[in-house]
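Numbering (the working numbering), first residue to last: 296 to 564.
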């Protein structure tokens with residue numbers, strides 16, 4: 296287990312390491328006992344310096360981001376700063392929880408400040424539309440926003456894609472309702488119909504998380520490439536393709552939503 300990174304207990308964005316420590320036992324239980332998360336490829340995450348972590352996110356509750364943060368802290372000692380949709384921050388209890396865990400408002404200024412300090416920036420390129428994907432399409436990677444590619448090019452940092460198979464079953468979304476009053480209030484694209492609040496606890500599905508080899512855009516392109524639409528589109532397409540291929544392979548190996556492993560015995564822990 297990696298030692299905790301040296302960082303202030305409380306920073307300018309509101310992250311509170313002492314708060315995270317108080318949740319550690321709960322996060323360990325959720326990770327190791329409830330969702331029984333298996334993770335591979337954590338060696339691809341840089342142990343120092345900035346990087347953009349580009350992942351898949353399903354469900355309107357951000358537990359997959361929380362578990363990714365927990366795994367990264369436990370294995371690398373680093374605290375990723377996930378860009379958070381402003382609509383989620385409108386709900387005070389959730390905003391307090393997410394902010395103290397290191398979440399930052401999803402905007403260019405936040406991203407630049409995180410990367411300029413040499414930290415890990417977590418992004419979900421599919422955006423809120425990806426989070427609210429209905430279950431029958433949960434494992435199809437949707438169209439990407441490409442700002443994360445521009446960030447990586449501008450700051451000359453690698454992109455580390457990662458995917459999650461299993462989190463979509465924790466709070467499956469069955470339908471999207473276009474309820475305008477709610478959409479205006481929440482900034483969400485719909486009112487998702489899920490098991491919550493009818494079943495307040497998420498399903499104890501089995502999760503598998505894979506971090507893929509980094510794409511070293513900083514070695515292939517100059518910062519000016521951030522303004523080249525063809526380059527940005529190419530890199531974005533490469534990230535999306537790699538993520539979809541990894542998900543498809545994991546799904547082919549999955550025999551149950553609740554049991555078993557999709558990873559071979561020879562794969563590195």
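Ideal placement from N, C-alpha and C gives every residue a C-beta, glycine not left out. Just so it is clear, the structure is predicted and the values come from calculations on it, not from any experiment.
Residue i, DSSP secondary structure in three states
i           : result
residue 484 : coil
residue 465 : coil
residue 515 : helix
residue 549 : coil
residue 301 : Residue placement at residue 301 is flagged as unreliable, the pLDDT there being 48, under the threshold of 50; the coordinate-derived value follows with that caveat. Coil, per DSSP.
residue 375 : coil
residue 554 : coil
residue 296 : Residue placement at residue 296 cannot be trusted, given a pLDDT of 47 that sits under 50; what the coordinates show is reported in the next sentence. Note: residue 296 maps to coil in three-state DSSP.
For residue j and residue i, believed in contact at Cβ under 8 Å, the rounded distance
i           : j           : result
residue 552 : residue 500 : 5 Å
residue 263 : residue 348 : The structure shown does not extend to residue 263, since the chain is modelled only from 296 to 564, so the question has no answer here.
residue 376 : residue 337 : Contact doesn't hold; Cβ gap of about 18 Å is too wide.
residue 469 : residue 429 : 7 Å
residue 507 : residue 455 : 7 Å
Closest residue to residue i among the options (Cα-Cα distance)
i           : options               : result
residue 357 : 547, 508, 559 and 426 : 426
residue 531 : 363, 550 and 440      : 440
residue 369 : 404, 402, 319 and 390 : 319
residue 540 : 452, 465, 459 and 483 : 459
residue 437 : 388, 423 and 449      : 423
residue 471 : 486, 482, 549 and 397 : 486
residue 372 : 396, 321, 517 and 342 : 342
residue 270 : 353, 455, 503 and 542 : This structure does not reach residue 270, given that the chain is present from 296 up to 564, and the question cannot be answered.
residue 381 : 510, 474 and 480      : 480
Residue i burial status per 10 Å Cβ neighbour count (16 or more: buried)
i           : result
residue 442 : buried
residue 467 : buried
residue 494 : exposed
residue 316 : exposed
residue 359 : buried
residue 365 : buried
Contact with chain C by residue i, beta-carbon distance below 9 Å
i           : result
residue 431 : Absent from the structure: chain C. Only one protein chain is present.
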